[in-house]
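Under the working numbering, residue 832 is the last one in the sequence shown; the count climbs by one each step, no gaps. Cβ atoms here follow ideal geometry from the backbone N, Cα and C, with glycine treated the same way. Treat the numbers as computed from the prediction; the structure is a model and nothing was measured.
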Amino acid sequence: EHSQRPSLLRVTLQTLQRFLTWIPLGFIFQTKLIDVLLNRFFAEPMFRNDALDCLTEIGTLTDLEPQYDPLFRELFVQFLQRLGAIFTPETDLAPAFEYGSEEDQLFIQKLALFLSGFLKCHLKVLEAQDSHSALITGMFYLVRVSEVKDTEIFRICLEAWHMLAEDLYKTEHNQTHFFDSTTTSRVLNLNGSSSASGSSRKFLYSPVLSGVRQVMISNMAKPEEVLIVEDENGDIVRETTKDTDVIAQYKTMRDTLVYLTHLNCEDTESIMLAKLTEQVDGSNWSWNNLNTLCWAIGSISGAMSEDEEKRFLVTV
517 EHSQRPSLLR
527 VTLQTLQRFL
537 TWIPLGFIFQ
547 TKLIDVLLNR
557 FFAEPMFRND
567 ALDCLTEIGT
577 LTDLEPQYDP
587 LFRELFVQFL
597 QRLGAIFTPE
607 TDLAPAFEYG
617 SEEDQLFIQK
627 LALFLSGFLK
637 CHLKVLEAQD
647 SHSALITGMF
657 YLVRVSEVKD
667 TEIFRICLEA
677 WHMLAEDLYK
687 TEHNQTHFFD
697 STTTSRVLNL
707 NGSSSASGSS
717 RKFLYSPVLS
727 GVRQVMISNM
737 AKPEEVLIVE
747 DENGDIVRET
757 TKDTDVIAQY
767 KTMRDTLVYL
777 THLNCEDTES
787 IMLAKLTEQV
797 DGSNWSWNNL
807 NTLCWAIGSI
817 SGAMSEDEEK
827 RFLVTV
């Protein structure tokens with residue numbers, strides 16, 4: 517706490533990061549550790565990345581007693597306050613990543629790990645009324661990080677978006693079944709606020725989900741290709757390309773976009789048509805933009821009703 521030697525402090529932070537997963541929780545939550553990490557080290561560019569590693573380890577601790585929930589909410593709120601002093605949720609991070617220093621690029625990658633990990637581990641905790649605002653702000657930050665043109669960073673963010681979209685879809689789907697059940701069962705469900713909570717969760721995230729749809733459509737991975745070729749015997753056969761990583765990423769992105777389309781097909785449709793208009797009028801034309809848009813349109817096949825899909829395809 518009183519050392520002034522940067523090299524010693526950095527090594528100490530790196531050592532602490534390796535201890536955090538198994539030291540007693542009291543040393544983390546009942547001391548000044550989090551306060552020191554946030555207010556002394558995270559605020560300093562020299563120590564920021566090492567402090568963020570430590571905060572990520574703390575933020576991804578799971579299976580703890582409910583008594584720690586308020587402490588995780590407080591940690592997330594304070595972290596966003598400190599992050600807000602560095603850049604806002606409206607900042608375009610793509611140029612900063614492309615032209616920034618190696619430390620800046622590393623910071624954005626570690627920020628992706630922190631936000632994605634924290635949301636995956638403590639989403640329900642952050643949905644408490646007193647942390648709604650921080651939760652949405654944190655997700656807007658994650659949308660900005662997702663826009664960075666880096667495959668590894670995008671895959672880190674994709675895990676969180678897939679988890680969120682699937683969770684919201686299942687909540688909404690259960691709510692639909694709840695309303696489709698008999699009147700008696702609805703009346704008897706005196707404590708079950710599944711319908712209200714499902715709807716409120718969907719609307720809580722709606723500003724963020726539109727940004728996530730934009731990111732998914734703009735970055736859609738290439739699906740598995742099927743080629744018709746002639747083999748050595750002169751027979752016409754089907755041949756599929758084998759790029760395992762890209763195909764796995766496509767499947768995760770496809771599932772995420774399908775969930776998002778189920779949650780609001782009008783928004784997905786309007787985003788795709790707006791991007792198609794940019795290709796037609798040449799304002800944002802490129803082969804890559806056209807390809808990713810086509811792959812995205814193909815990925816949501818079956819996610820709309822038959823009539824909606826026919827109308828959409830005719831418009832396209």
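Asked: How big is the Cα-Cα spacing for Ser722 and Pro561?; Found: 34 angstroms
Asked: Among residues of its own chain, excluding the 5 on either side of Glu573, which ones have a beta-carbon nearer than 8 angstroms to its beta-carbon?; Found: Gln533, Leu536 and Thr537
Asked: Return the Cβ separation of Leu776 and Ala681 in integer angstroms, given the expectation that the two are a contact with Cβ distance under 8 angstroms.; Found: 5 angstroms
Asked: Output needed for Ala601: all residues of its chain with C-beta closer than 8 angstroms, excluding positions within five of it in sequence on either side, in chain order.; Found: Ala559
Asked: What are the start and end residues of the alpha helix (DSSP H) that includes Asn565?; Found: Arg564 to Gly575
Asked: Measure the Cβ-Cβ separation of Val661 and Ala612 and say whether it is below 8 angstroms.; Found: no
Asked: Counting C-beta neighbours from all protein chains within 10 Å, is the total for Ser786 16 or more, i.e. buried, or is it exposed?; Found: exposed
Asked: Check whether the Cβ atoms of Lys791 and Leu809 sit closer than 8 angstroms, and answer yes or no.; Found: yes
Asked: With distances taken between CB atoms, is the gap from Thr531 to Leu596 smaller than 8 angstroms?; Found: no
Asked: Tell me whether Arg521 sits in a helix, a strand or coil according to DSSP, three-state version.; Found: coil
Asked: Answer with buried or exposed for Asn807, where buried requires no fewer than 16 other C-beta atoms within 10 angstroms of its C-beta.; Found: exposed
Asked: Ignoring anything shorter than 4 residues, give me the alpha helix (DSSP H) runs that lie fully in the stretch 535 to 563, in order along the chain.; Found: 541 to 545 and 549 to 552
Asked: Run through DSSP, which three-state label would Ile752 get?; Found: strand
Asked: Just the C-alpha distance for Gln765 and Ala737, rounded to the nearest angstrom, thanks.; Found: 7 angstroms
Asked: Would you grab the beta carbon distance between Arg837 and Leu642 for me? Rounded to a whole angstrom, and I think it's under 8 angstroms.; Found: Nothing in the structure corresponds to residue 837, since the chain is present only between 517 and 832.
Asked: Can you grab the Cα-Cα spacing for the pair Ser590 / Ser799, in whole Å?; Found: In the sequence on display, residue 590 carries Glu and not Ser. Rounded to the nearest angstrom, the two C-alpha atoms are 44 angstroms apart.
Asked: Could you tell me which residues DSSP puts in a beta bridge with Glu746?; Found: Ile752
Asked: Write down the C-beta distance between Met769 and Met732 rounded to the nearest angstrom, noting that I regard them as a contact closer than 8 angstroms.; Found: 6 angstroms
Asked: Indicate the three-state DSSP secondary structure (helix, strand or coil) for Gly814 in the structure shown.; Found: helix
Asked: Looking only at its own chain, which residues have a Cβ that is under 6 angstroms from the Cβ of Leu479, when we skip the five neighbours before and after it?; Found: The question about residue 479 has no answer, for the chain in this structure spans 517 to 832.
Asked: Where does Ala601 sit, in a helix, a strand or coil, going by DSSP?; Found: coil
Asked: Take Gly727 as the anchor and find which of Val527, Asn780 and Ile672 has the nearest alpha-carbon.; Found: Asn780
Asked: So, Val724 versus Val830, is the Cβ gap smaller than 8 angstroms?; Found: no
Asked: Are there 16 or more other CB atoms within 10 angstroms of the CB of Arg717, so buried, or fewer, so exposed?; Found: buried
Asked: Can you give me the C-alpha to C-alpha distance between Leu622 and Lys636, rounded to a whole angstrom?; Found: 21 angstroms
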